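Student: Going letter by letter, the sequence shown gives residues -15 to -1, 1 to 285 in mature numbering (1 follows the signal peptide of the UniProt record, and there is no 0). Backbone N, C-alpha and C fix where the C-beta goes; we use that ideal spot for every residue, glycine too. Remember, it's a predicted structure, so these values are computed and weren't measured experimentally. Got a structure for you, questions after.
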Amino acid sequence: MRGLGLCLLAASVAAQGITVSDVSYSYTATFTVTHWDTFTTTTCACTSTSSTPLVSNDPALTYSTPATTGPSSSGTSSTTTSLTPLLPDGTLTPSFTLTSDAGAPGSSTSPGGGIPTISTSTSAAGSEPSVTNSAYINAILRHHNIHRTNHSANALSWSSSLAETARVIAQTCIYAHKTDVGGGGYGQNIGAGYPESPLSMGQFVTEGLYNSEVNKYTAYGSEPNLGDFGIWGHFTQVVWKSTDSVGCYTADCTNSGLANAPGIPPFFTVCNYAPPGNFAGMFNVNIGTSIGLATVYGDY
């Protein structure tokens, strides 16, 4: 069985004074509290920086984008708070071995509508080309959008600019969060060990991000306990209502190896999202209750 790694860099906490031992909160010119979560078989060394956007060396799934509140005044004083995301850390292992030559599952039409094809390209870092073709794009959109539909969120559309930024990051073959390429301003999911096939992308999104966490989230219509963020933070980004676009790229790092991911097949997938989700105080309006669609799996 081939190990897979993934981790999500998600939202931020907007209030001071929170002390939770395994989550990263960074407040400009105030304080940083660090929280570490480990899910299963391997650990990811999660780090945070004092600047924004946050860049972590955690081999994982990430969701990241800073946000800034407007100045608030009391008398003659005012403050501005820069928000940085929480970082749940984990490693997931699928129930079967994924291969890089699987065909596209199911229909070639995704809920996202018309889908452009991005040309493959080569990189000295790995044995490229890796896939950003229509079947790959369809699988990523299909597996995001079926779950978003189930939670009353609009379908994501494919962003070629987000995909291009993802390509630049993935082709470094350094398994780490990096959200400053192309000016930043996007969220990011990264996964290690998932080959560049549509079936593999289905496993990444549906099994890794959604099915493994959906039943752990119960705070519909309210604000969740962020101390539990590590067990459902991937799911909430998948169905976050205000996110409307995604762009991904998978690099084959066989030639160089995938740094920071020992023992994991050398495939590096980066998905960038806009706008970001998982912000404290906004879960109640962005996470919809399931409408009861049938469960789907990675081969959907």
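Helix or strand or just coil, what does DSSP make of VAL281?
Tutor: Counting from 1 along the sequence shown, the entry for residue 281 is found at position 296. Note: VAL281 maps to coil in three-state DSSP.
Student: Rounding to the nearest angstrom, what Cα-Cα distance links SER151 and ALA279 in this structure?
Tutor: Here residue 151 is taken as the residue at index 166 of the sequence shown, counted from 1. Here residue 279 is taken as the residue at index 294 of the sequence shown, counted from 1. In the sequence on display, residue 151 carries Ala and not Ser. If you take the alpha carbons of ALA151 and ALA279, they lie about 31 Å apart.
Student: Would you call the segment 211 to 224 and the segment 195 to 202 touching, i.e. three or more CB-CB distances under 8 Å?
Tutor: Yes: at least three Cβ pairs fall under 8 Å.
Student: My guess is that GLY266 and SER146 are in contact by the Cβ rule of under 8 Å, so how many angstroms apart are they, rounded?
Tutor: Your numbering for residue 266 matches position 281 in the sequence shown. Your numbering for residue 146 matches position 161 in the sequence shown. Contact doesn't hold; Cβ gap of about 29 Å is too wide.
Student: For ILE276, is the classification buried or exposed, using 16 other Cβ atoms within 10 angstroms of its Cβ as the cut-off for buried?
Tutor: Taking the first residue of the sequence shown as 1, we reach residue 276 at position 291. ILE276 comes out exposed.
Student: Since THR191 and TYR282 should fall inside the 8 Å C-beta cutoff, what is the C-beta to C-beta distance between them, to a whole number of angstroms?
Tutor: Within the sequence shown, numbered from 1, the residue matching residue 191 stands at position 206. Within the sequence shown, numbered from 1, the residue matching residue 282 stands at position 297. That pair is a contact at about 6 Å.
Student: At which residues does the alpha helix (DSSP H) containing residue 286 begin and terminate?
Tutor: Residue coverage of the chain in this structure runs from -15 to 285, which leaves residue 286 outside it and unanswerable.
Student: Among ALA148, GLN173, ASP237 and ALA177, which residue has its Cα nearest to the Cα of GLY248?
Tutor: Numbered from 1 along the sequence shown, position 263 holds the residue referred to as residue 248. Of ALA148, GLN173, ASP237 and ALA177, the residue nearest in Cα terms is ALA177.
Student: Just to check my reading of the structure: residue 291 and LEU141 have Cβ atoms closer than 8 Å, yes? What is that Cβ distance to the nearest angstrom?
Tutor: Absent from the model: residue 291. The displayed extent of the chain is -15 to 285, so no value can be given.
Student: Per DSSP, what are the beta-bridge partners of ASP237 in this structure?
Tutor: What you label residue 237 is simply residue 252 of the sequence shown in a count that begins at 1. Bridge partners of ASP237: PHE252.
Student: Can you tell me where the alpha helix (DSSP H) with ASN271 in it begins and where it stops?
Tutor: Here residue 271 corresponds to residue number 286 of the sequence shown, with the count starting at 1. Taken as a continuous stretch (DSSP letters only), the alpha helix (DSSP H) holding ASN271 covers 268 to 271.
Student: What do you reckon, are the CB atoms on ASN245 and TYR160 nearer than 9 Å?
Tutor: Within the sequence shown, numbered from 1, the residue matching residue 245 stands at position 260. Within the sequence shown, numbered from 1, the residue matching residue 160 stands at position 175. Contact flag set, yes.
Student: Can you tell me where the alpha helix (DSSP H) holding GLY218 begins and where it ends?
Tutor: Taking the first residue of the sequence shown as position 1, residue 218 is located at position 233. That run of the alpha helix (DSSP H) goes 214 to 224.
Student: Considering only the beta carbon of each residue, do TYR179 and THR235 sit closer than 9 Å?
Tutor: Translated into positions along the sequence shown, residue 179 becomes position 194. Translated into positions along the sequence shown, residue 235 becomes position 250. Yes. Within cutoff.
Student: Would TYR205 be called buried (16 or more neighbouring beta carbons within 10 Å of its own) or exposed?
Tutor: Within the sequence shown, residue 205 is the residue found at index 220, counting from 1. Label assigned to TYR205: exposed.
Student: Would you list, in sequence order, the uninterrupted beta strand (DSSP E) runs of no fewer than 3 residues that lie entirely inside the segment 160 to 217?
Tutor: Counting whole runs of 3 or more residues, the segment 160 to 217 contains the beta strand (DSSP E) stretches 172 to 177.
Student: Are the Cβ atoms of ASN269 and GLY262 separated by less than 9 Å?
Tutor: Your numbering for residue 269 matches position 284 in the sequence shown. Your numbering for residue 262 matches position 277 in the sequence shown. Contact flag unset, no.
Student: Between ASP165, GLU181 and SER230, which has its C-alpha nearest CYS238's C-alpha?
Tutor: By 1-based counting over the sequence shown, the position of residue 238 is 253. When each option's Cα is compared against that of CYS238, the closest is GLU181.
Student: Sort out for me which residues DSSP pairs SER275 with in a bridge.
Tutor: What you label residue 275 is simply residue 290 of the sequence shown in a count that begins at 1. BP columns for SER275 are empty, so no partner.
Student: According to DSSP, what are the bridge partners of GLY232?
Tutor: Here residue 232 corresponds to residue number 247 of the sequence shown, with the count starting at 1. The partner list for GLY232 (beta bridge, DSSP) reads ASN257.
Student: What's the C-alpha gap between CYS256 and GLN173?
Tutor: By 1-based counting over the sequence shown, the position of residue 256 is 271. By 1-based counting over the sequence shown, the position of residue 173 is 188. In a straight line, the C-alpha of CYS256 is about 5 Å away from that of GLN173.
Student: Can you name, in chain order, every residue of its own chain whose Cβ lies under 8 Å from the Cβ of VAL153, other than the five neighbours on each side?
Tutor: Within the sequence shown, the letter at position 168 stands for residue 153. Contacts found: VAL166 and GLY167.
Student: In chain order, what residues of the same chain have a beta carbon less than 7 Å from the beta carbon of PHE220, not counting five sequence neighbours either side?
Tutor: One-based indexing of the sequence shown puts residue 220 at position 235. Within the same chain, PHE220 has close Cβ partners LEU194, TYR195, GLU198, VAL199 and TYR202.
Student: Please classify GLY187: is it buried, with 16 or more other beta-carbons within 10 angstroms of its beta-carbon, or exposed?
Tutor: By 1-based counting over the sequence shown, the position of residue 187 is 202. That one is buried.
Student: Give me whichever residues DSSP pairs with ALA244 in a beta bridge.
Tutor: Your numbering for residue 244 matches position 259 in the sequence shown. ALA244 is bridged to ILE159.
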